[in-house]
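Notes follow once the structure below has been shown.
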Amino acid sequence: MKKGDHLFLVDGSGYIFRAYHALPPLTRKSDGLPVGAVSGFCNMLWKLLREARDTSVRDTPTHFAVIFDYSSHTFRKEIYPEYKANRSAPPEDLIPQFGLIRQATKAFNLPCIEKDGYEADDLIATYARQAEAAGAEVTIISSDKDLMQLVTPMVTMYDSMKDKQIRIPDVIEKWGVPPEKMIDLQAMTGDSTDNVPGIPGIGPKTAAQLLEEFGDLDTLLARAGEIKQQKRRENIIQYAEQARISRQLVTLKTDTPVDVGIEDFSLEPQNGPKLVAFLKAMEFNALTRRAAEATGVEASEIEPANVPIQAVAEAHGPDLDIASGDDLPNPPKPAASAAPNGAKPAFGNVEGTPAGLVKARTDQALAAKIDRSSYATIRDVAALQVWIDEAMASGVIAFDTETTSADPMQTEVVGLSLATRPGRAAYIPINHVSGDGDLLGGGLVEHQIPEREVFRMLKPLLEDASVLKIAHSMKYEWLVMHRYGIDLHPLDDTMLISYVLDAGEGSHSMDSLCDRWLGHKPLAHKELIGSGKSSVTFDKVSIERATEYAAEDADVTLQLWRLLKPRLVADGLMSVYERLERPLIPVLARMEERGISVDRQILSRLSGDLAQSAAAIEEDIYRLAGEKINIGSPKQMGDILFGKMGLPGGSKTKTGQWSTSAQLLEDLAAEGHELPRKIVDWRQLTKLKSTYTDALPGYINPRTKRVHTSYAMAATSTGRLSSSEPNLQNIPVRTSEGRKIRTAFIAEPGNKLISADYSQIELRVLAHVAEIPQLTQAFADGIDIHAMTASEMFGVPVKDMPSEVRRRAKAINFGIIYGISAFGLANQLSIPREEAGQYIRTYFDRFPGIKDYMEATKAFARQHGYVETIFGRRAHYPEIRSSNPTHRAFNERAAINAPIQGSAADIIRRAMVRMEPALNEAKLSARMLLQVHDELIFETADEEVEATIPVIRHVMENAAMPAVSLSVPLHVDARAAHNWDEAH
DNA sequence: GTCCGACCGTA
DNA sequence: TTACGGTCGGACG
1 MKKGDHLFLV
11 DGSGYIFRAY
21 HALPPLTRKS
31 DGLPVGAVSG
41 FCNMLWKLLR
51 EARDTSVRDT
61 PTHFAVIFDY
71 SSHTFRKEIY
81 PEYKANRSAP
91 PEDLIPQFGL
101 IRQATKAFNL
111 PCIEKDGYEA
121 DDLIATYARQ
131 AEAAGAEVTI
141 ISSDKDLMQL
151 VTPMVTMYDS
161 MKDKQIRIPD
171 VIEKWGVPPE
181 KMIDLQAMTG
191 DSTDNVPGIP
201 GIGPKTAAQL
211 LEEFGDLDTL
221 LARAGEIKQQ
231 KRRENIIQYA
241 EQARISRQLV
251 TLKTDTPVDV
261 GIEDFSLEPQ
271 NGPKLVAFLK
281 AMEFNALTRR
291 AAEATGVEAS
301 EIEPANVPIQ
311 AVAEAHGPDL
321 DIASGDDLPN
331 PPKPAASAAP
341 NGAKPAFGNV
351 EGTPAGLVKA
361 RTDQALAAKI
371 DRSSYATIRD
381 VAALQVWIDE
391 AMASGVIAFD
401 TETTSADPMQ
411 TEVVGLSLAT
421 RPGRAAYIPI
431 NHVSGDGDLL
441 GGGLVEHQIP
451 EREVFRMLKP
461 LLEDASVLKI
471 AHSMKYEWLV
481 MHRYGIDLHP
491 LDDTMLISYV
501 LDAGEGSHSM
511 DSLCDRWLGH
521 KPLAHKELIG
531 SGKSSVTFDK
541 VSIERATEYA
551 AEDADVTLQL
561 WRLLKPRLVA
571 DGLMSVYERL
581 ERPLIPVLAR
591 MEERGISVDR
601 QILSRLSGDL
611 AQSAAAIEED
621 IYRLAGEKIN
631 IGSPKQMGDI
641 LFGKMGLPGG
651 SKTKTGQWST
661 SAQLLEDLAA
671 EGHELPRKIV
681 DWRQLTKLKS
691 TYTDALPGYI
701 NPRTKRVHTS
711 YAMAATSTGR
721 LSSSEPNLQN
731 IPVRTSEGRK
741 IRTAFIAEPG
751 NKLISADYSQ
761 IELRVLAHVA
771 EIPQLTQAFA
781 DGIDIHAMTA
791 SEMFGVPVKD
801 MPSEVRRRAK
811 AINFGIIYGI
821 SAFGLANQLS
831 IPREEAGQYI
841 RTYFDRFPGI
851 KDYMEATKAF
861 ARQHGYVETI
871 FGRRAHYPEI
881 RSSNPTHRAF
891 NERAAINAPI
901 QGSAADIIRR
911 AMVRMEPALN
921 EAKLSARMLL
931 QVHDELIFET
941 ADEEVEATIP
951 VIRHVMENAA
961 MPAVSLSVPL
971 HVDARAAHNW
981 DEAH
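Under UniProt numbering, residues 1 to 984 are what the first sequence spells out, in order.
In structure tokens:
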């Protein structure tokens, strides 16, 4: 770079936000992808590059670069942790545009510059000074006052939206000081958007006046005593240090260690086809035409580019200090290339809004026919290559594996299907065997590509960052593929998309979604493999039948995705999906894959003990009952207790049977009856034996010698996970007998289990959402929350409080979370309903905010049909307006509970997503194994335990930040031990 | 064989 | 009074 050259530096990140707010919203016609800021950006670049030479006020650039913020974690955070801490997450429809704007920059053949740890402003400052030193002119395309300190006779700013140059006189006119004093001015005034503190009471006018008088900030601070106005003088003296810190924050770094030098910014000619392909994909028709004309390209001959929405740390805004690293989803393909069955997309009918797109897609999907006979079977390498090429070009594929077992840790792949666009799908048979296994073991069927070859060929596709893989229940596919050495990514999951959109509106299984949205019943798995004793594994199914079934699944998945994905934007739920669901897929998959070690001997010994104890009690029961009945049959037991023996207090279940619940039997036992006590004890022992000590060993995987649970991501209405086969979220803990089960969950030799659990997370969430001052204060002070409640309610001092008083307050606190009723509380506390009702009234008197919160939540649910967590996750209650009072009341209680339970669930999900990067960052080898709603279990080497616990605690306690700044602190207890009982 | 209710383990 | 999943008995086919 030399004298006479002219460097243009575009503040890309600044532009994005400004354009987003200044320009009218715009969405891509075919799928509703928000592109307003992208459009403004492209038009601006076009103008700068094409029209600069015609404008007298600007020279033609010889060098050009677009600069972006990389992430919110910069050196300024080290100086001042609160820097930019008050920034909220970027708007929903801006998020996908961060990545798109970077791709636009590249499509314009311009350098796209960003650097971890630095803001765009620092890079701009560094490049501007370098160019200036080389004698070149610089134009900074931005109107941000933070950059005005850079203006010199050689460095000009240009506000592209107002088409206005900003030179030294313009800065003086606007701020009252020349550019070189802007730093001191900003240090004094501070900046509320970036959370730069400054000096209270000093605005730009005062600051300029003071700088005029004293010359610079240091002189001012040194001679502050001379200031006449008392308040101003006090503030300047008191906040001198704050001003100095502020100065550090606003001073742009002109010596950023850059990776790309200014020499590399030399302006290159446009790549016409590349630019047109991008603009076409964005559906910017006017600009496409102009770009095609100017570059001599025939627009109609150019295919729209495959434009993936890539991971951009900035896209997470200030939200993620620890970037997830996962790619954001590819956008839906333009309808022109993806209309089902070759039908013309209904452009004329599609409104330019996400909602319009959803409507069009829904109608389209219902009209489309699914033709199972059209699917292909891939039997040789050449055919497979054709499909792989097509998939690569398409950029989006739906994907499904057929396997021998529902357990991804045990299963073998039988075949694999993929769909590249609606109606176009194929099946790759791999391990089908001849049906009759009796004769000579039923070998592999002919004309199947060898397994190794299939995976060798598919691996590049399945791991290609530019090809989005869609599945229904992707965690299963991920696990299966991982066993074959494939790191499946990037991912989308139609089950999870449906879950985010419609939690509470019924099942998210593919069959029901297909029926609901496509009006089609796909072939049932059972129809192929049969059921029960006569069922076979999928490898015995004929390849013809398997093709119809498997390819249909892929086809349906793709069609569901096209339909459901745009709804995430339309309904404002993209960030729930992107932050809480999609990144959790590989996290949970790895947890399931790791499993946990369970000691068979301990369980076996416990089982023997339980059997003995139960047998002893059985003898007593038969004696007391006077006959040998099935103790495990509530029906028979009820008849004995309330029929034959005529005990009092019997009540009936809804089917007319005598109720024999533990609570009821306990009450009878308390009145001195012997038999009910025995039954309760017997039930406890046999429950522990059958559900835990006897069942768990059967789940030890013979290959890994560990137990691998399965987490359902879309099973609950509130956002919680559920665990099954085995359920490791209900391992006993309340009784000493039950806790022994936990001693069987152990760490490998030389390792420890770490258990870290949130303390009172749901009550803390309640304190936050309902804004209850006493609760917030109590959590801030770290005092016993139930004792505080009791003290408030009953006027008892916390000190020496009777345990019964605290117990009742605790039950009420839980009751509140559950959407309390007098009936339920009375039951829980075994007190009269009137008394329970009085408690509730007292509670609402003492904490009126709770009552308000409950009423507001009910009203919201009635109006919208759903409620929301603090992160925007929705739980639907379609029957909240039921005319049946009992039914309606049930829905209301659930609706009150869901935001509380769900917000807590969201918080731990966020912690889980961030945990692995945080541990890696700290060079720790701890593995996250289990989640139990408010608890995470890890396994790690003995010598790393001490270093690991603080990292875990930090991630968990800060998991809500910065998307939500809770008004109460989160507290995590963590302990390490060789087994789960001692760690908990 | 499959389904449902009762019961009970967890948060 | 919220949210789950597993086991059992018993009724149904």
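All residues carry an ideal CB built from backbone N, CA and C; glycine is no exception.
In the three-state reduction of the DSSP assignment, T886 falls in the helix class, which pools H, G and I.
Runs of the alpha helix (DSSP H) lying entirely within the stretch 668–746 and spanning at least 4 residues, in chain order: 674–687, 736–742.
Restricting attention to K858, T886, P885, the CA atom closest to the CA of H876 is found in K858. Remark: C-beta atoms of D11 and I168 do not approach each other more closely than 8 Å. Around the beta carbon of F823, a 10 Å sphere encloses fewer than 16 other beta carbons of the protein chains shown; the residue is thus reported as exposed.
Rounded to the nearest whole angstrom, the CA to CA distance from Q229 to A208 is 16 Å.
Closest option to C514, judged by alpha-carbon separation, among Y549, D553, S535: D553. In this structure, DSSP gives K47 a helical state, which the three-state scheme calls helix. Shortest Cα-Cα distance from E593 to any of Y375, S710, G36 involves S710. A distance below 7 Å between beta-carbons, with the five flanking residues on each side excluded, links S374 to the following residues of its chain, in chain order: G423. Three or more pairs of CB atoms, one per stretch, sit closer than 8 Å, so the stretch 260–277 contacts the stretch 299–309.
Counting the other CB atoms within 10 Å of its CB gives R806 a total of 16 or more, which places it among the buried residues.
Around the C-beta of N920, fewer than 16 other C-beta atoms lie within 10 Å, and the residue is accordingly described as exposed.
Between L573 and W517, the C-beta spacing is not below 8 Å.
For P197, same chain residues with a beta-carbon under 6 Å away, outside a window of 5 residues either side, are G190, Q242, S246 in chain order. Residue pairing for Q165: DSSP places it in a beta bridge opposite Y158. Every beta strand (DSSP E) of 3 residues or more that sits fully in the stretch 860–919 is shown, in chain order, as 866–868, 874–876. Restricted to the stretch 791–817, the alpha helix (DSSP H) segments that are unbroken, complete and at least 4 residues in length are 803–817, listed in chain order. Beta-bridge partners assigned by DSSP to M928: F938. Looking at L100, A614, L675, the one whose alpha-carbon comes closest to that of K644 is L675. Annotation: the continuous alpha helix (DSSP H) that includes K635 extends over 634–638. Contact annotation: L610 and L558 have beta-carbon atoms that are not nearer than 8 Å. For L210, there is no enclosing beta strand (DSSP E); the residue is found in the alpha helix (DSSP H) stretching over 204–214.
Rounded to whole angstroms, T735 and L763 show a C-alpha spacing of 24 Å. If you compare the alpha carbons of L563, M495, V556 with that of K359, the shortest gap goes to L563. Straight-line spacing of the CA atoms in A695 and R910 works out to 32 Å. DSSP, reduced to helix, strand and coil, places A963 outside both helices and strands of the structure shown, so it counts as coil. Note: I67 is bridge-paired with D11, I113 in the DSSP secondary-structure output. With a cutoff of 8 Å on beta-carbon distance, L249 and Y476 are scored as not near each other. H864 sits exposed, since fewer than 16 C-beta atoms from the chains shown fall within 10 Å of its C-beta. In the structure shown, the three-state DSSP call for T74 is coil. In this structure, DSSP gives D146 a helical state, which the three-state scheme calls helix. Residue environment: N897 is assigned as buried (16 or more neighbouring CB atoms within 10 Å of its CB, all protein chains considered).
Note on geometry: alpha-carbon atoms of E627 and E618 lie some 11 Å from one another. Closest option to M956, judged by alpha-carbon separation, among V972, K678, S967, A963: V972. If you draw a 10 Å sphere on the C-beta of R456, you find fewer than 16 other C-beta atoms in it, and that means exposed.
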